[in-house]
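Presented below is the structure to which this report refers.
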Amino acid sequence: NVRQTTIGSYFNKI
Amino acid sequence: MFEARLGQATILKKILDAIKDLLNEGTFDCSDSGIQLQAMDNSHVSLVSLTLRSDGFDKFRCDRNLSMGMNLGSMAKILKCANNEDNVTIKAQDNADTVTIMFESANQEKVSDYGMKLMNLDQEHLGIPETDYSCVVRMPAMEFARICRDLAQFSESVVICCTKEGVKFSASGDVGTANIKLAQTGNVDKEEEAVIIEMQEPVTLTFACRYLNAFTKATPLSTQVQLSMCADVPLVVEYRINELGHIRYYLAPKIED
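Protein sequences appear in the order of chains A and B. Throughout, the numbering used here is defined as the position within the first sequence, counted from one, plus 1. Throughout, the numbering used here is defined as the position within the second sequence, counted from one, plus 473.
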């Protein structure tokens with residue numbers, strides 16, 4: 002099963 | 474006071490075309506150094522980062538840092554009113570709630586201005602970490618657009634596999650399978666037609682075709698596109714805008730559960 006990740010899981014809020 | 478002037482409206486039209494399918498609205502952060510926009514698409518799968526350097530404009534004045542939230546659909550409507558060769562000037566007073574976009578024909582005989590309400594967008598900024606990418610591919614932007622369009626017929630996802638021999642784009646679905654391999658260009662006569670691969674380590678990643686196709690709306694801005702990849706981090710798709718800046722799209726990968 003392939004799952005789409007989100008940008009928020011790689012880049013942090015500043 | 475903020476004022477930025479470009480010699481040709483066509484560049485701004487192309488920039489807007491490159492972002493408006495992904496973003497409904499965006500905040501243009503203006504400072505001495507230029508204009509920046511950073512925003513995620515609605516699903517937070519991709520991030521658009523646009524940089525326009527002040528020295529790329531015919532005229533640029535920014536007395537005080539300014540954030541202008543704009544509805545990109547409205548901006549597109551206004552830009553439709555410009556001829557490609559028109560000069561375009563974007564103006565705003567400090568703390569204004571409207572922006573003025575002005576077009577002037579090359580012979581100065583037609584001058585039009587459009588006012589647009591600014592929006593207060595509460596957009597979060599993300600810090601993009603410095604990354605040492607395992608593979609960086611430069612290739613003709615038209616070729617990349619063609620590959621994304623072709624593979625989208627076969628699957629929602631495309632697998633990009635980069636080795637020192639070349640880069641392979643694959644998709645498989647109900648119709649069957651598709652594989653497109655590009656080898657690194659041997660003799661580069663024309664730089665804009667070259668495929669150049671800088672590889673530290675081979676990498677294989679899976680991405681949603683829908684977003685890749687949205688990124689290729691930037692194709693008219695640049696002859697070449699650069700893909701930067703590293704295991705388990707977002708892909709960077711970069712289009713340089715000649716003498717003005719760049720647009721970078723970050724796309725979160727699909728991963729095996």
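Backbone N, C-alpha and C define an ideal beta-carbon position, used for all residues, glycine too. In this text, all values refer to a predicted model and were calculated from it rather than measured experimentally.
Going straight from the alpha carbon of residue i to that of residue j, what length do you get?
i, j, result
"LEU545(B)", "VAL518(B)", "19 Å"
"LEU700(B)", "PHE12(A)", "18 Å"
"GLU629(B)", "ASP647(B)", "11 Å"
"GLY659(B)", "MET612(B)", "13 Å"
"GLU711(B)", "THR571(B)", "31 Å"
"ILE653(B)", "ILE563(B)", "43 Å"
"MET541(B)", "MET592(B)", "7 Å"
"ASP623(B)", "SER643(B)", "10 Å"
"SER578(B)", "LEU655(B)", "43 Å"
"PHE475(B)", "ILE714(B)", "22 Å"
"GLN705(B)", "THR679(B)", "According to the sequence displayed, residue 705(B) carries Asp and not Gln. Rounded to whole angstroms, ASP705(B) to THR679(B) spans 10 Å at the Cα level."
"SER695(B)", "ALA614(B)", "7 Å"
"VAL609(B)", "PRO675(B)", "10 Å"
"ALA477(B)", "MET589(B)", "16 Å"
"ARG537(B)", "ARG526(B)", "16 Å"
"ASP528(B)", "HIS719(B)", "13 Å"
"GLN566(B)", "ASP586(B)", "15 Å"
"VAL584(B)", "THR483(B)", "16 Å"
"THR7(A)", "GLU582(B)", "49 Å"
"TYR722(B)", "ILE15(A)", "19 Å"
"THR640(B)", "ILE633(B)", "A small fix is needed here, since residue 640(B) is Val in this sequence, not Thr. Rounded to the nearest angstrom, the two C-alpha atoms are 7 Å apart."
"ASP514(B)", "CYS635(B)", "27 Å"
Any idea what DSSP makes of residue i, helix, strand or coil?
i, result
"MET615(B)", "helix"
"SER10(A)", "helix"
"TYR722(B)", "strand"
"MET548(B)", "helix"
"ILE508(B)", "strand"
"ALA555(B)", "coil"
"SER628(B)", "coil"
"GLY649(B)", "coil"
"THR692(B)", "helix"
Chain A beta carbons: is any one of them nearer than 9 Å to that of residue i?
i, result
"LEU599(B)", "yes"
"LEU624(B)", "no"
"HIS517(B)", "yes"
"MET513(B)", "yes"
"ALA681(B)", "yes"
"ALA685(B)", "One detail in the question is off: residue 685(B) reads as Leu in this sequence, not Ala. With 9 Å as the cut-off, LEU685(B) does not count as an interface residue toward chain A."
"VAL706(B)", "yes"
"GLU729(B)", "yes"
"TYR723(B)", "yes"
"LEU510(B)", "no"
"LEU520(B)", "yes"
"PRO602(B)", "yes"
"PRO613(B)", "no"
"SER630(B)", "yes"
"PRO726(B)", "yes"
How far does the beta strand (DSSP E) with residue i in it reach, from first residue to last?
i, result
"ILE669(B)", "669 to 672"
"ASP586(B)", "584 to 590"
"THR573(B)", "571 to 577"
"GLN699(B)", "697 to 702"
"GLY639(B)", "639 to 645"
"ASN560(B)", "560 to 565"
"TYR606(B)", "Where TYR606(B) is concerned, there is no enclosing beta strand (DSSP E), given that its DSSP letter is neither H nor E."
"LYS532(B)", "532 to 535"
"GLN5(A)", "3 to 5"
"ILE728(B)", "727 to 729"
"ILE15(A)", "Per DSSP, ILE15(A) belongs to no beta strand (DSSP E) and is neither H nor E."
Considering just the uninterrupted stretch of the alpha helix (DSSP H) at residue i, what are its terminal residues?
i, result
"ARG683(B)", "682 to 688"
"THR483(B)", "482 to 492"
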